Amino acid sequence: MGLENGEKKLSREGLVRSIGPLALGTNVFNMVVGAGIFVLPGVVASHLGASAIFAYLICGLAVSMIFLCYAEIGSRVRRSGGSYAYIEDAFGPFAGFIASMLLWFGWAILSDAALLVILTETIILIVPEVDNQIFRILFMTGLIAFLVFTNVRGVESGKKLYIANTIAKVIPLGLLVIFGFFAINFDNLTITEWPSVEQIGASTLILFFAFSGAECALNASGEIEKPEKTVPRGIMLGIGSILMLYLALQTVAQGVLGADLGNNTEAPLSATAEIIFGSWGGKMLLVGTAISIFATLSGDILVTPRVVFASARDGNLPKFLAKVHPKFNTPYMSVIVFSALLLLIAFSGTFETLAILASGSIMLIYAGVSLSVIKVRMRDGMPSREQFKLPGGAIIPMLSCSLIAWMLFQLETNEALGLIALVGVSVLIYLANQLMKKKSS
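All letters in the sequence shown, in the order written, are residues 39 to 479 by this note's numbering.
Shown next, in the form of structure tokens:
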């Protein structure tokens, strides 16, 4: 009884539990709705035209299955680490370490480095006078330093920042949807030719990547209050709002631009805004792009270092990464190291090559989490009344794994080899770490 009361303030790891369903759902939204949404409608329309709406619905169903698995396992495993903690709890430290490497390096750092560079280039488009290498370095460094300072001071500071950022980036997209509906030419929404199964499959794959990132919001699971209720509610709130936004933006862009939408794969929403609002509309969406990327970065630096913290706490990474700040109760060393690596990769420019590995990394994580649901059920029995329970037994986890396997087969040869190499390096690091432990003992 005392433990339950104490957990309302501090988790067993010494971290403050203060993230509720609204904050978690907001961060899910924040993690997913980034730079991609500003080009997504044109890319999908180039494949499917006016029938793109069906790819959204199919992808929404597929992603919902995967994150229903997250909802159950997230309500049962209560410690920090998100996907890493779920896989480690189900399959042991070896699988957990591989998952942590795929998550915080193979996915998060490379993706965030790419976003940081895109954000810098977007600022330069808005203010062309600052187009030089010195500005790029100073801007990147200053931005990351600010985000580190904010998140080291406490999860409350980071939470308030990403909630404010999410509201700010929703405003231009919301205005585009609201006023855009009045500018729709409904003839442009008429489906004149039904797409093939292959076309829908290719487009759904693109959209699947656009939904990626929601799992990062669960990395701060050690700071989520009442996770058995908060995790499923937060996930469904976030994924549901994302799907509605994507459907609305696709409908407006298609209805306003018509056949031209498929020819505009670089800035379709800016082109739509220019028709609806005039020349200033494109600039508004450009600013919205910058805000959106910044919001995603701020949310990711809040949650992903918790994976590093959890792995170090379990002895798989250097112990200093598991240090908790004595005043702010935050995993400050993991935040600093994660951000420093992100910044170095963004400076080097090598992230463009390595980012190819990000998509494959996150799909392996999804497969591991889906299988974790089945493994934990076999070991511990079905979820209790207080925990979230997937309907249909093992059907949803197995369907999720089948979908992921199909998508992995879509990877190019060089991408598949790169993913295998990343897993191989992770295995070597784990084995070397275990050998060092034996020698020290």
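Cβ coordinates follow ideal geometry from the N, Cα and C atoms, glycine included.
Keep in mind it's a predicted model, so treat the numbers as computed, not measured.
- Between the segment 89 to 100 and the segment 275 to 292 there are three or more inter-stretch CB-CB distances shorter than 8 Å, so the stretches are counted as touching.
- Rounded to the nearest angstrom, the Cβ distance from Leu154 to Met178 is 6 Å, consistent with a contact under 8 Å.
- In the three-state scheme derived from DSSP, where H, G and I count as helix and E and B as strand, Ile434 is classed as helix.
- For Trp318, the uninterrupted alpha helix (DSSP H) run begins and ends at 317 to 341, by DSSP.
- For Leu380, the CB contacts under 6 Å within the same chain, skipping 5 residues up- and downstream, are Ile147, Asp150, Ala151 in chain order.
- By alpha-carbon distance to Asp225, the top candidate from Ala88, Arg415, Ile273, Leu355 is Ala88.
- The C-alpha of Gly431 is placed about 12 Å away from the C-alpha of Gly419.
- The C-alpha of Arg174 is placed about 12 Å away from the C-alpha of Ser386.
- Residues Ile136, Met139 of the same chain have their beta carbon placed closer than 6 Å to that of Ser464, with the five preceding and five following residues left out of the count.
- As the crow flies, the alpha-carbon of Pro270 is around 36 Å from that of Ile222.
- In this structure, the alpha-carbon of Thr327 lies about 45 Å from that of Met416.
- By the Cβ rule, the segment 226 to 236 does not count as touching the segment 327 to 338, because fewer than three pairs are nearer than 8 Å.
- The Cβ atoms of Gly144 and Leu395 lie closer than 8 Å to each other.
- Counting along the chain, the unbroken alpha helix (DSSP H) around Glu110 starts and ends at 90 to 114.
- In summary, Asp169 is exposed, with fewer than 16 beta-carbon neighbours lying within 10 Å of its beta-carbon over all protein chains present.
- Going by DSSP, Ala470 is part of the alpha helix (DSSP H) stretching over 451 to 478.
- Going by C-alpha positions, Thr242 is about 22 Å away from Asn452.
- In chain order, Gly272, Leu275, Gly276 place their CB closer than 6 Å to the CB of Gly63, counting only its own chain and leaving out the 5 sequence neighbours on each side.
- The alpha carbon of Ile412 has as its nearest neighbour, out of Gln292, Leu437, Glu424, the alpha carbon of Leu437.
- Taking the CA atoms as reference points, Val375 sits about 13 Å from Lys357.
- Taking a contact as a CB-CB distance under 8 Å, the pair Leu106 and Ile434 counts as one, their CB atoms being some 6 Å apart.
- Contact between Ser330 and Lys207 is confirmed by a C-beta separation of about 4 Å, below the 8 Å threshold.
- Comparing alpha-carbon positions, the option among Arg351, Ser308, Met371 lying closest to Gly218 turns out to be Ser308.
- Counting only unbroken stretches of 3 or more residues, no beta strand (DSSP E) element lies wholly within the segment 130 to 205.
- Checking the DSSP bridge columns, you'll see Ile262 partnered with Ile57.
- Taking a C-beta distance under 8 Å as the contact criterion, Gln292 and Leu340 do not qualify as a contact pair.
- With fewer than 16 neighbouring CB atoms inside 10 Å of its own CB, Thr230 falls in the exposed class.
- Taking each of Ala297, Ile161, Val70 in turn and checking the Cα distance to Val81, the smallest one comes out for Ala297.
- With a threshold of 16 other beta carbon atoms within 10 Å, Phe249 meets it and is buried.
- Met420 sits in coil when the DSSP states are folded into three classes, being neither helix nor strand.
- Listed in chain order, the non-local C-beta contacts of Tyr124 below 6 Å within the same chain comprise Ile111, Val115, Val407, Ser410, local neighbours out to five positions each way being set aside.
- For Trp444 and Phe247, the gap between their C-alpha atoms comes out near 14 Å.
- As the crow flies, the alpha-carbon of Ser102 is around 14 Å from that of Ala405.
- The C-alpha of Pro79 is placed about 13 Å away from the C-alpha of Leu211.
- In the displayed model, Asn301 falls within a helix according to three-state DSSP.
- Gly398 sits close to Leu457, with the two beta carbons spaced by under 8 Å.
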